[in-house]
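Note that my numbering numbers the sequence shown so that position 142 is 215, with each residue one more than the last.
Reviewing the structure listed below.
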Amino acid sequence: MKKVSILTLALILIILLPSCYKNYYDITEDTLDKINSVSFSNDVVPIMTSGACGCHNNGTSTQIKFSNKDTIFYNTIHTRSNILYDMAKGGAHPAEGNIFFTPSQADLVIKWYDQGAINDAIPQPIVGDVTYSKNIQPIYNTECRGSTCHGGQAISMDYGFMKNNEPTISSMMKTSGDTHPGPKYPVPVSTSATFLAWYAQGAKP
């Protein structure tokens, strides 16, 4: 009877011990870094697009937008990494309102910043020919036109205008919309990538 009990206990230990294995000494440093790393897109962005940051996500025109409906402006959030870090370390919200991170949110932001504030929300590279008619004009029609925007109160932009104003538009795409003439306008990552690829290929019609 005692032999059966000892044998049973030994089998249980053999099964359970691997699940408790936490010895990191025999894994590579690169793997350990990945285990401990904080993801911008998976950890930080959900904080910035949650209810606590509602003014930046509910379409309020006077606020910098972090998201709008199903679109997340990753670059707009990422370019403010130093502000997020200062807030996580106890600094004040830059605008009105007493906005604070929870302790767990602050910990994630601080770790992410200390790890280099890497933006891992990188779009897939643009492949193939990018032309104005196929790629740029549809973006213009859906993201730029409106009664209070381009084609309304602001200047209408056609192929010639966009080609001739490459420095201004490229700068806007590289800065997430911060250098947009007039109010800052957040630019989706995919839009920036498409415009920059179009200019790199010679801004074909």
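Each residue gets a CB set at the ideal place from its N, CA and C atoms; glycine is no exception.
Fair warning: this is a prediction, and the values are worked out from it, not measured in the lab.
DSSP state of residue i, grouped into three classes?
| i | result |
| --- | --- |
| Lys257 | coil |
| Phe113 | helix |
If residue i and residue j are in contact, beta carbons under 8 Å, what's the gap, nearest whole angstrom?
| i | j | result |
| --- | --- | --- |
| Ser249 | Thr152 | 5 Å |
| Val118 | Ala194 | 7 Å |
| Thr267 | Asn208 | 5 Å |
| Val200 | Gln274 | That belief does not hold up - the Cβ atoms of Val200 and Gln274 are roughly 11 Å apart, past 8 Å. |
Can you tell which of the options has the C-alpha that lies nearest to the C-alpha of residue i?
| i | options | result |
| --- | --- | --- |
| Pro211 | Asn192, Asp231 and Val118 | Asp231 |
| Pro240 | Ser154, Leu269, Ile145 and Gly224 | Leu269 |
| Pro176 | Gly170, Ile191, Tyr158 and Asn192 | Tyr158 |
| Asn155 | Pro278, Gly189 and Asn214 | Gly189 |
| Ser112 | Cys217, Tyr186 and Ile172 | Tyr186 |
| Ala227 | Cys217, Lys236 and Met235 | Cys217 |
| Ile145 | Gly224, Thr264 and Thr252 | Thr264 |
| Ser114 | Ser243, Val182, Val203 and Lys138 | Val182 |
| Phe174 | Gly127, Ala168, Pro254 and Gly163 | Gly163 |
| Pro278 | Asp180, Ala165, Asn237 and Lys138 | Asn237 |
| Asn148 | Lys142, Gly275, Lys247 and Ile120 | Lys247 |
| Lys257 | Phe139, Asn109 and Ile120 | Phe139 |
| Ala179 | Asn109, Asp251 and Asp116 | Asp116 |
Would you decide whether residue i is buried or exposed? Buried here means 16 or more other CB atoms lie within 10 Å of its CB.
| i | result |
| --- | --- |
| Val262 | buried |
| Trp271 | buried |
| Asn171 | exposed |
| His129 | buried |
| Ala165 | exposed |
Quick check on the DSSP output: what are the complete alpha helix (DSSP H) runs of length 4 or more inside the region 196–256, in order along the chain? Counting whole runs of 4 or more residues, the region 196–256 contains the alpha helix (DSSP H) stretches 232–237 and 239–247.
Runs of alpha helix (DSSP H) lying entirely within the region 121–183, each at least 4 residues, in chain order: Listed in chain order, they are 147–151 and 154–161.
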